[in-house]
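Visitor:
There are 2 protein chains.
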Amino acid sequence: MGRQPYVCGLDAAVDVIDGKWKVLIIWALNHQRCRFGELRRLVPGVTEKVLTQQLRELEADGIVHRESYDVKPPKVEYSLTGLGDELNTALGPLGAWGKRRMAALEDAEQG
Amino acid sequence: MGRQPYVCGLDAAVDVIDGKWKVLIIWALNHQRCRFGELRRLVPGVTEKVLTQQLRELEADGIVHRESYDVKPPKVEYSLTGLGDELNTALGPLGAWGKRRMAALEDAEQG
DNA sequence: GCAAGTACGCACTAAATAGTGCGTACTTAC
DNA sequence: GTAAGTACGCACTATTTAGTGCGTACTTGC
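Residue numbers (my numbering), protein chains in the order written: chain A, -18 to 92; chain B, -18 to 92.
1. Could you pull out every unbroken alpha helix (DSSP H) segment of at least 4 residues lying fully inside the stretch 16 to 77 of chain A, listed in chain order?
2. If the cut is a Cβ gap below 9 angstroms, which residues of chain A does residue 106 (chain B) touch?
3. Under a three-way DSSP split, which group does residue 88 (chain A) fall into?
4. Suppose you measure from the CA of residue 61 (chain B) to the CA of residue 14 (chain B); what does that come to, to the nearest Å?
5. Could you list which residues in chain A have their beta carbon closer than 8 angstroms to that of residue 31 (chain B), in chain order?
6. With 16 other CB atoms within 10 Å as the buried threshold, where does residue 91 (chain A) fall?
7. Please tell me whether residue 72 (chain A) and residue 27 (chain A) are closer than 8 angstroms, where the distance is taken between their beta carbons.
8. Below 9 angstroms between beta carbons is the criterion; list the residues of the stretch -5 to 23 of chain B that meet it against any residue of chain A, in chain order.
9. CA-CA distance, residue 20 (chain A) and residue 32 (chain A)?
10. Checking contacts by CB at 8 angstroms: is residue -7 (chain A) closer than that to chain B?
11. Output needed for residue 1 (chain A): all residues of its chain with C-beta closer than 6 angstroms, excluding positions within five of it in sequence on either side, in chain order.
12. Could you tell me the distance, in whole angstroms, from the CA atom of residue 94 (chain B) to the CA atom of residue 38 (chain B)?
13. Quick one, which of B:-14, B:-11, B:-13, B:34 has its alpha-carbon nearest residue 6 (chain B)'s?
14. Since residue 53 (chain B) meets chain A, which of its residues come closer than 8 angstroms, beta carbon to beta carbon?
15. Against chain B, which members of the stretch 58 to 69 of chain A pass a CB distance test of less than 9 angstroms?
16. How big is the Cα-Cα spacing for residue 41 (chain A) and residue 50 (chain B)?
17. Could you tell me the boundaries of the alpha helix (DSSP H) in which residue -12 (chain B) lies?
18. Using only CA atoms, which one of A:-3, A:24, A:18 lies nearest to residue 9 (chain A)?
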C-alpha cells in the first residue's frame, strides 16, 4: 500500500505482506475460508479493529475475497483469491526457512 | 526481533525481514559484499542512522556479517552469512511474485 | 586550511501503525 | 430479561519505527 515506486519485486511483495498480522491471516485463510470471528480466533492477539483494517487492505490488494451474506445475524466469509493463493505458494520457502530458524533458536535456548 | 513466541515459521521469517529497508539491504548484499557508503547508495532513500540500525539488527539475527578493518579512514565491509544466503534463496519466489504484481500494476495504470 | 569522504553515535521529532474502549442492530440460548 | 455472538465503525491514545540535524577523529585532494 502506497510505497510505490518499487525498487524490485521483493519490495512490491513485502509491501503487500506488511502489517503485523497479515501473514498470519493469509496463512489461516490457506487452510479454509473463514468468517470474521473464526479468523479472530485463528490469529491470537489481533483486535477486531486491526483485523478489519488488515482485511480491507488485503482485499484492496486483491489477495482476499470478501463475501457478505445479507442475513440477520451478519455473516461474512473471507477467502484467498487466485493471486492470494499464488502469494501463499511464494511464501512457502520463506516459511520453511523460518521454521529452521525457530528450531535453531530453541536449540540455542535449551542447549 | 522480539516478537517471540512465533505462531509459525512465516512469523519467524517475517520478523527478521521486518523493517522498511531490510529486504533491499539483503538484496543488495546478495550481489556483492559492500562498504557502508556503497550500501547507502544502493539503497536509495535510507538515512545513515536507519541503515546502521537495520544492519545491526540483521547482524544480531545472523543474516549479515560485519567486518571492520582498523585503518585510518575507517573501512567496514558487510556481507551475507550462510543463513543470509539461505534467506535470500527463500525470498526468491516472493520476489518473482512481486515482479508479476508490479507488471500487473503497470498494465492497469496504462491500460 | 577547507571541503569532502570514512562510518558511525546521540538527542530529538515526526510519521506510521497498532491498541483501547465503546457503540450498533439484531438474534439465539439460558 | 440478560448475556453472548454476529461484523464491524469511530474517536482517541500508545507504541513503534523512521527521519532530522548535528558531532566525531582522521585523511586525502585542492
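For each residue, glycine too, the CB sits at the ideal point set by N, CA and C.
Treat the numbers as computed from the prediction; the structure is a model and nothing was measured.
Guide: In short, the structure shows the following:
1. 17 to 23, 29 to 41
2. Absent from the structure is residue 106 (chain B), since the part of chain B shown begins at -18 and ends at 92.
3. Residue 88 (chain A) sits at position 107 when you count from the first residue of the first sequence. Residue 88 (chain A) falls in the helix class under three-state DSSP.
4. By 1-based counting over the second sequence, the position of residue 61 (chain B) is 80. By 1-based counting over the second sequence, the position of residue 14 (chain B) is 33. Near 8 angstroms, if we compare the C-alpha coordinates of residue 14 (chain B) and residue 61 (chain B).
5. Your numbering for residue 31 (chain B) matches position 50 in the second sequence. None at all; the shortest Cβ gap to chain A is about 15 angstroms.
6. Here residue 91 (chain A) refers to the residue found at position 110 when the first sequence is read from its first residue. Classification for residue 91 (chain A): exposed.
7. Locating residue 72 (chain A) in the first sequence gives position 91, counting from the first residue. Locating residue 27 (chain A) in the first sequence gives position 46, counting from the first residue. For residue 72 (chain A) and residue 27 (chain A), no; Cβs fall outside 8 angstroms.
8. -5, -4, -3, -2, -1, 1, 3, 4, 5, 7, 8
9. Walking along the first sequence from the start, residue 20 (chain A) turns up at place 39. Walking along the first sequence from the start, residue 32 (chain A) turns up at place 51. If you take the alpha carbons of residue 20 (chain A) and residue 32 (chain A), they lie about 8 angstroms apart.
10. Stepping through the first sequence from its first residue, residue -7 (chain A) is reached at position 12. With 8 angstroms as the cut-off, residue -7 (chain A) counts as an interface residue toward chain B.
11. Numbered from its first residue, the first sequence carries residue 1 (chain A) at position 20. Once the five neighbours on either side are set aside, residue 1 (chain A) has no close Cβ partner at all.
12. Residue coverage of chain B in this structure runs from -18 to 92, which leaves residue 94 (chain B) outside it and unanswerable.
13. As a working mapping, residue 6 (chain B) is identified with position 25 in the second sequence. Looking at the Cα atoms, B:34 is the closest of the given residues.
14. Here the question's residue 53 (chain B) lines up with position 72 in the second sequence. The premise fails here: residue 53 (chain B) is roughly 34 angstroms from chain A at the closest Cβ pair, so nothing lies under 8 angstroms.
15. 64, 67, 68
16. The residue you call residue 41 (chain A) lines up with position 60 of the first sequence. The residue you call residue 50 (chain B) lines up with position 69 of the second sequence. Roughly 48 angstroms between the two C-alpha positions.
17. Counted from its first residue, the second sequence places residue -12 (chain B) at position 7. Careful: residue -12 (chain B) lies outside any alpha helix (DSSP H) and carries neither H nor E.
18. Your numbering for residue 9 (chain A) matches position 28 in the first sequence. Residue A:24 is the option with its Cα nearest to residue 9 (chain A).
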